[in-house]
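Peer 1: Note that the protein sequences, when read in sequence, are chains Z and F.
When we follow this note's numbering, the leftmost residue of the first sequence carries the number 1211, and every step to the right adds one.
When we follow this note's numbering, the leftmost residue of the second sequence carries the number -14, and every step to the right adds one.
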Amino acid sequence: MAKRSLFWILLAVALVCVVTLLSGSLRAQGKSANALQHAKEVQQKHTARLMAINGVVGTAVGLNQDNRLVVKVYTAAAGAPGIAKKLDDLPTQVVVTGRFNALAKGGKPGKPGKPGGKTNFDPTARQPRPVPIGVSTGNAGECSAGTIACRLVDAAGSVYALSNNHVYALENAALLGSEILQPGRYDTACVYHADDVIGTLAAYSTIDFANGTTNTIDAAIALTTTDDLDNNTPPNGYGTPKSSPVNVYVNQKVQKYGRTSSLTKGSVTGINATIDIAYGSRTARFVNQIIVESRKPFIKTGDSGSLLVTDPDKEPVGLLFAGNGSGKFAVANHIDDVLTAFNVTIDGQ
Amino acid sequence: MSSRPIEQVLKDMTGQWMTIPGVVGTAIGATANGEPCIKIYTASQPEKLRNKVPRTVDDYPVIIEHTGTFRAFTNEQ
């Protein structure tokens, strides 16, 4: 109840701030105070009905891209039904914000490092044990490299490293029990070093390449120990992810740390995505995926397996595994689907 | 006003759209104005698809985005 009250207080404060800022903006543009007052009245008149719609989390008076007064309707996700395009004589503008949280969970967000790894840290190199998450990894059976997403635990207390099937299980071809390395052999000139082993392949979700089939995750886990695997990114990353995933929504700010492009940031621009993914000469169809976009490349070859977390709160939302040619579009599985498949939780903060 | 939730529209249309040459994906997204929309990702130029998919379905805008093909992102030798 206290949380709910706090939510309304924060929402009220936010609305006052918006209106105050807007007043100044409107004055600067020569728009009348009467017009703003009218817009506020229209908004107030319709807010109770709008807030009763499932998925609507707030309303406000604002300006659209054409600088016209609108009633903004904030929704938890795209597609909230029953929102009229006009309220009286004012247009509405639906803004997908996700749900407003009264308070962030836990402490202050960590200070991220420079995107693109501008410090001296090299995620492709062999790391002292326990290795951080977000660095090079691979199956000993192939000269390749992907990324360690995060550390996992199961109910029995066993510890696992998470990455993609195509990184750890070699697109269904690897044997359970096969060795998992840090770094992956691509980063050791394809040479196998026995002391690079950090675990063994414990389980994977099969990728189905047959026509007419669909997949939801490209994921595999390796049995490891806390002596071999830590639960935080390198110093130029976002730090330790939260243990509890959150729901994904359009326009959500996200970040990842990966073996090739280190820390990058972007926004969720697509949900419920159906995407055909090329694995060499084969193609697999994935459903219920997350699309992330960035002006700069968000993902590069070798970043497969990176954990997608919110920015700045570090709450897990996805497991990255694919992207387009420029890397400005990335594809991620829902992390909930991954955790459910292996009956594990994230060993984070 | 839309008669179907956007998730249902996407579900109903995706199978058909994914058979169009060049289409590599679909998703729910948002327009520049923040309105919910349907996105179609394509490996070919968007204008080649424009007459093959509607501009709106149930009032939801359909936006074609040129992404190229998507591929798994491991380094491999």
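For each residue, glycine too, the CB sits at the ideal point set by N, CA and C.
What does the alpha-carbon distance come out to for the pair Z/Lys1524 and Z/Tyr1448?
Peer 2: What you label residue 1524 of chain Z is simply residue 314 of the first sequence in a count that begins at 1. What you label residue 1448 of chain Z is simply residue 238 of the first sequence in a count that begins at 1. In this structure, the straight-line span from the alpha carbon of Z/Lys1524 to that of Z/Tyr1448 is close to 7 Å.
Peer 1: Taking Cβ positions only, does Z/Tyr1489 come closer than 7 Å to chain F?
Peer 2: The sequence position of residue 1489 of chain Z within the first sequence is 279, counting from 1. So yes, Z/Tyr1489 belongs to the interface.
Peer 1: Measure the beta-carbon distance from F/Ile(-9) to F/Ile13 and round it to whole angstroms, keeping in mind my assumption that it falls under 8 Å.
Peer 2: Reading the second sequence from its first residue, position 6 is the one you call residue -9 of chain F. Reading the second sequence from its first residue, position 28 is the one you call residue 13 of chain F. About 6 Å separates the beta carbons of F/Ile(-9) and F/Ile13, which is inside the 8 Å limit, making them a contact pair.
Peer 1: When you compare only the Cα positions, how much space is there between Z/Thr1416 and Z/Leu1300?
Peer 2: Numbered from 1 along the first sequence, position 206 holds the residue referred to as residue 1416 of chain Z. Numbered from 1 along the first sequence, position 90 holds the residue referred to as residue 1300 of chain Z. Distance from the CA atom of Z/Thr1416 to the CA atom of Z/Leu1300, rounded to whole angstroms, is 52 Å.
Peer 1: With 16 other CB atoms within 10 Å as the buried threshold, where does Z/Asn1421 fall?
Peer 2: Position 211 of the first sequence, counted from the first residue, corresponds to residue 1421 of chain Z. Here Z/Asn1421 is exposed: its Cβ has fewer than 16 other Cβ atoms, across all protein chains shown, within 10 Å.
Peer 1: What does the alpha-carbon distance come out to for the pair F/Gly0 and Z/Val1345?
Peer 2: The count along the second sequence starts at 1 and reaches residue 0 of chain F at position 15. The count along the first sequence starts at 1 and reaches residue 1345 of chain Z at position 135. So the two alpha carbons sit approximately 37 Å from each other.
Peer 1: Could you check the C-alpha separation between F/Thr54 and Z/Ser1491 for me, to the nearest Å?
Peer 2: Position 69 of the second sequence holds residue 54 of chain F. Position 281 of the first sequence holds residue 1491 of chain Z. C-alpha separation (whole angstroms): 12 Å.
Peer 1: On a CA-only basis, which of Z/Val1401, Z/Gln1499, Z/Arg1361, Z/Phe1508 is nearest Z/Thr1470? Give me that one, please.
Peer 2: Taking the first sequence and counting its residues from 1, one reaches residue 1470 of chain Z at position 260. Comparing Cα-Cα distances from Z/Thr1470 to each of Z/Val1401, Z/Gln1499, Z/Arg1361, Z/Phe1508, the minimum goes to Z/Phe1508.
Peer 1: Under 8 Å between beta-carbons, which chain F residues line up against Z/Val1377? List them in chain order, please.
Peer 2: Walking along the first sequence from the start, residue 1377 of chain Z turns up at place 167. What Z/Val1377 touches in chain F: Thr59.
Peer 1: Quick one: does Z/Ala1420 have its CB under 7 Å from some CB of chain F?
Peer 2: Mapped onto the first sequence, residue 1420 of chain Z falls at position 210. False, the Cβ-Cβ gap to chain F never drops below 7 Å.
Peer 1: Would you check if the distance between the CB atom of Z/His1473 and the CB atom of Z/Ala1371 is smaller than 7 Å?
Peer 2: For the purposes of this step, residue 1473 of chain Z is taken as the residue at position 263 of the first sequence. For the purposes of this step, residue 1371 of chain Z is taken as the residue at position 161 of the first sequence. For clarity, residue 1473 of chain Z is Leu in the given sequence; the question names His instead. No, Cβ-Cβ distance for Z/Leu1473 and Z/Ala1371 is not below 7 Å.
Peer 1: DSSP three-state label for Z/Lys1538, please.
Peer 2: As a first step, residue 1538 of chain Z is located in the first sequence; it is residue number 328 there, counting from the start. Coil, per DSSP.
Peer 1: Between the beta-carbon of Z/Pro1522 and the beta-carbon of Z/Pro1455, is there less than 7 Å?
Peer 2: Here residue 1522 of chain Z is taken as the residue at index 312 of the first sequence, counted from 1. Here residue 1455 of chain Z is taken as the residue at index 245 of the first sequence, counted from 1. No. Outside cutoff.
Peer 1: Checking contacts by CB at 7 Å: is Z/Ala1483 closer than that to chain F?
Peer 2: Taking the first sequence and counting its residues from 1, the one referred to as residue 1483 of chain Z is at position 273. Yes, Z/Ala1483 lies at the interface with chain F (some Cβ there is under 7 Å from its Cβ).
Peer 1: Taking F/Glu(-8) as the query, report the chain Z residues whose CB atoms sit under 8 Å from its CB, ordered along the chain.
Peer 2: Looking up residue -8 of chain F in the second sequence gives position 7. Ordered by position in chain Z, the residues that pass the 8 Å Cβ test against F/Glu(-8) are Gly1289, Asn1482.
Peer 1: From what residue to what residue does the alpha helix (DSSP H) around F/Gly0 run?
Peer 2: Looking up residue 0 of chain F in the second sequence gives position 15. F/Gly0: member of the alpha helix (DSSP H) spanning -9 to 2, first to last residue.
Peer 1: What first and last residue would you give for the beta strand (DSSP E) that runs through F/Phe55?
Peer 2: By 1-based counting over the second sequence, the position of residue 55 of chain F is 70. F/Phe55 -> beta strand (DSSP E) spans 55 to 57.
Peer 1: For F/Ile13 and chain Z, any beta-carbon pair shorter than 7 Å?
Peer 2: Position 28 of the second sequence, counted from the first residue, corresponds to residue 13 of chain F. Interface residue, yes.
Peer 1: Should F/Thr16 be flagged as near chain Z, meaning a C-beta pair shorter than 7 Å?
Peer 2: Taking the first residue of the second sequence as 1, we reach residue 16 of chain F at position 31. No, because no Cβ of chain Z sits closer than 7 Å to the Cβ of F/Thr16.
Peer 1: Does the structure place the region 1493 to 1511 of chain Z close enough to the region 1396 to 1403 of chain Z that three or more beta carbon pairs sit under 8 Å?
Peer 2: no
Peer 1: Only counting the same chain, and skipping five residues up and downstream in sequence, which positions put a Cβ closer than 8 Å to that of Z/Gly1240?
Peer 2: Residue 1240 of chain Z sits at position 30 when you count from the first residue of the first sequence. Here the model assigns Z/Gly1240 a pLDDT of 37, short of 50, so the residue's position is not dependable, and the following value carries that caveat. Correct list: empty, nothing qualifies.
Peer 1: Going by Cα to Cα distance, which pick from Z/Val1377, Z/Arg1495, Z/Lys1538, Z/Ala1488 is closest to Z/Gly1394?
Peer 2: Taking the first sequence and counting its residues from 1, the one referred to as residue 1394 of chain Z is at position 184. Comparing Cα-Cα distances from Z/Gly1394 to each of Z/Val1377, Z/Arg1495, Z/Lys1538, Z/Ala1488, the minimum goes to Z/Val1377.
Peer 1: Report all residues from its chain with a CB closer than 7 Å to the CB of F/His51; omit the five preceding and five following residues, and keep chain order.
Peer 2: Along the second sequence, read from residue 1 onward, the residue named residue 51 of chain F stands at position 66. So the qualifying residues of the chain are Thr27, Gln30, Pro31.
Peer 1: Are there 16 or more other CB atoms within 10 angstroms of the CB of F/Arg71, so buried, or fewer, so exposed?
Peer 2: Residue 71 of chain F is absent from the structure shown; chain F starts at -14 and stops at 62.
Peer 1: Would you tell me roughly how many angstroms separate the C-alpha atoms of F/Glu20 and Z/Asn1534, rounded to the nearest one?
Peer 2: Residue mapping note: residue 20 of chain F aligns to position 35 of the second sequence, counting from 1. Residue mapping note: residue 1534 of chain Z aligns to position 324 of the first sequence, counting from 1. For F/Glu20 and Z/Asn1534, the gap between their C-alpha atoms comes out near 25 Å.
Peer 1: With respect to the alpha helix (DSSP H) encompassing F/Ile13, which residues constitute its N-terminal and C-terminal limits?
Peer 2: Along the second sequence, read from residue 1 onward, the residue named residue 13 of chain F stands at position 28. Taken as a continuous stretch (DSSP letters only), F/Ile13 belongs to no alpha helix (DSSP H), being part of the beta strand (DSSP E) at 8 to 15.
Peer 1: Would you call the region 1509 to 1516 of chain Z in contact with the region 35 to 43 of chain F, where contact means no fewer than 3 C-beta pairs closer than 8 Å?
Peer 2: Between the region 1509 to 1516 of chain Z and the region 35 to 43 of chain F, the count of Cβ pairs shorter than 8 Å is below three; the stretches do not touch.
Peer 1: Can you find a C-beta in chain Z that's less than 7 Å from the C-beta of F/Arg56?
Peer 2: For the purposes of this step, residue 56 of chain F is identified with residue 71 of the second sequence, where counting begins at 1. By this cut-off, F/Arg56 is an interface position.
Peer 1: For Z/Leu1202, which residues of its own chain have a beta-carbon under 7 Å away from its beta-carbon, when the five flanking residues on both sides are left out?
Peer 2: Here chain Z has residues from 1211 to 1559 only, and residue 1202 of chain Z is not among them.
Peer 1: With 16 as the cutoff for other CB atoms within 10 Å, does Z/Lys1296 come out buried or exposed?
Peer 2: Locating residue 1296 of chain Z in the first sequence gives position 86, counting from the first residue. Counting the other Cβ atoms within 10 Å of the Cβ of Z/Lys1296 gives fewer than 16, which makes it exposed.
Peer 1: Am I right that Z/Thr1347 and Z/Ile1390 are in contact with their C-beta atoms under 8 Å? What's the rounded C-beta distance?
Peer 2: Working through the first sequence from its first residue, we reach residue 1347 of chain Z at position 137. Working through the first sequence from its first residue, we reach residue 1390 of chain Z at position 180. Rounded, the Cβ-Cβ distance is 7 Å, consistent with contact.
Peer 1: Go ahead and pull the three-state DSSP assignment for Z/Glu1525.
Peer 2: Numbered from its first residue, the first sequence carries residue 1525 of chain Z at position 315. Of the three classes helix, strand and coil, the one that applies to Z/Glu1525 here is coil, per DSSP.
Peer 1: Is the shortest distance between the beta-carbon of F/Gly10 and the beta-carbons of chain Z less than 7 Å?
Peer 2: For the purposes of this step, residue 10 of chain F is taken as residue 25 along the second sequence, with counting starting at 1. Answer yes: the Cβ-Cβ gap between F/Gly10 and chain Z drops below 7 Å somewhere.
Peer 1: Considering Cα atoms alone, identify which of Z/Ala1379, Z/Ser1453, Z/Thr1479 is closest to F/Ala17.
Peer 2: The count along the second sequence starts at 1 and reaches residue 17 of chain F at position 32. Per the Cα distances, Z/Thr1479.
Peer 1: Considering only the alpha carbon of each residue, which of Z/Ile1343, Z/Asn1330, Z/Asn1374 lies closest to Z/Thr1450?
Peer 2: Taking the first sequence and counting its residues from 1, the one referred to as residue 1450 of chain Z is at position 240. The shortest Cα separation from Z/Thr1450 among Z/Ile1343, Z/Asn1330, Z/Asn1374 belongs to Z/Ile1343.
Peer 1: Could you check whether the Cβ of Z/Ser1514 sits closer than 7 Å to any Cβ belonging to chain F?
Peer 2: In the first sequence, the residue the question calls residue 1514 of chain Z occupies position 304. Interface residue, yes.
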